[in-house]
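Per the numbering used here, residue 28 is the first one in the sequence shown, and the count goes up by one each step.
Glycine included, C-beta positions come from ideal geometry on N, C-alpha and C.
Below is one structure, written out as structure tokens, with a few remarks after it.
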Amino acid sequence: MSLITIWSFIKFGKTSADVAIQNIDSCEVVIPEWIKANLKNNLDSNQVIEIVRNLDEEGTLPNYYVTKREARALGWTPGRAFNEIENLKGKSIGGDHFGDFEKRLPRGRWKEADLEYKGEKRNAKRILFNNNGRKFVTIDHYETFVEVPKCK
């Protein structure tokens with residue numbers, strides 16, 4: 028039993044069952060299991076956890092995301108790698124409106140963000156999110172979508 032677990036028993040009067048339930052619902056447990064079951068382990072769970080937490084707690088993407096408009100203002104043009112532009116190194120595209128013209132997502136206003144972007148050519152992986160807290164991932168450039176489970 029860890030010191031944090033013992034501290035939670037003392038501080039908050041939690042039982043071991045309470046802690047077990049909390050751990051089962053944690054993003055660190057839920058997201059990797061979801062990726063394994065639904066996406067054949069074809070996604071970085073740490074990045075998804077970071078994005079989900081940021082969206083849920085702050086209402087925004089992590090600060091390494093820039094919109095296409097912001098990227099253009101820093102010298103980017105579509106097709107050019109971020110690694111070639113000093114002010115965009117370490118950044119990813121995210122926060123732009125997603126049209127969903129094929130109507131594959133539930134009705135609403137959606138935004139998108141690249142996943143696992145390494146500074147070169149953009150890949151097919153995206154996370155889509157709305158203001159209602161729903162999130163979907165596509166790893167095949169919008170052909171299929173899988174809803175991200177809720178976690179704590």
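Alpha carbon of residue i to alpha carbon of residue j, nearest angstrom
i    : j    : result
G102 : N50  : 44 angstroms
K118 : Y91  : 5 angstroms
Q7   : L132 : The structure shown does not extend to residue 7, since the chain is modelled only from 28 through 179, so no value can be given for it.
F109 : E97  : 12 angstroms
G135 : F163 : 13 angstroms
L66  : G122 : 23 angstroms
N159 : G86  : 10 angstroms
Sheet register partners of residue i (DSSP bridge)
i    : result
K138 : H124 and F156
T27  : Residue 27 cannot be examined here, being either before or after the span of the chain that is shown, 28 to 179.
L173 : The sequence shown places Val at residue 173, not Leu. Looking at the DSSP assignment, V173 forms a beta bridge with V164.
Local Cβ density within 10 Å of residue i, reported as buried at 16 or more and exposed below that
i    : result
T165 : buried
A151 : exposed
E129 : exposed
E113 : exposed
A100 : exposed
E55  : exposed
Mind listing, in chain order, the continuous alpha helix (DSSP H) runs of no fewer than 4 residues lying wholly within the stretch 49–128?
54–66, 72–85 and 95–100
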